[in-house]
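**Q** Numbering (our numbering), first residue to last: 46 to 133. Structure below; questions to follow.
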């Protein structure tokens, strides 16, 4: 999750400045906890019904996010050979 601590913006306790100093910009920073919480909330909303959650790789084909969502039980919506490669 993203929070302010002592005037510093952090992601899961890691100051974003330290990430920028290490890898430069531009950089995308994702919160694993936020993704997991959102997935679980959405999944629980349909808990009383048979369902499968599908992640649209077209929205974001980041391999780490695709792997995380797959580990959480999501299926994938893929529209190209490249997206299928990421899904596998």
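The beta-carbon is built from N, C-alpha and C at its ideal position, and this holds for glycine as well.
Apart from the five residues on each side of it in sequence, which residues of its chain come closer than 7 Å, Cβ to Cβ, to residue 131?
**A** Closer than 7 Å at Cβ, skipping near neighbours: 102, 106, 108, 111.
**Q** Residues in its own chain within less than 6 Å of residue 123 by CB, not counting five upstream and five downstream?
**A** Cβ within range, chain order: 102, 129, 132.
**Q** Please classify residue 94 as buried or exposed, where buried requires at least 16 other C-beta atoms within 10 Å of its C-beta.
**A** Exposed, since its Cβ has fewer than 16 Cβ neighbours within 10 Å.
**Q** CB-CB under 6 Å to residue 56, same chain, minus the five flanking residues each way: which ones, in chain order?
**A** Once the five neighbours on either side are set aside, the close Cβ partners of residue 56 are 47, 74, 76.
**Q** Mind checking residue 114: buried by the 16 CB within 10 Å criterion, or exposed?
**A** Buried, by the Cβ-count rule.
**Q** In terms of residue numbering, what span does the beta strand (DSSP E) encompassing residue 101 cover?
**A** Counting along the chain, the beta strand (DSSP E) containing residue 101 begins and ends at 99-101.
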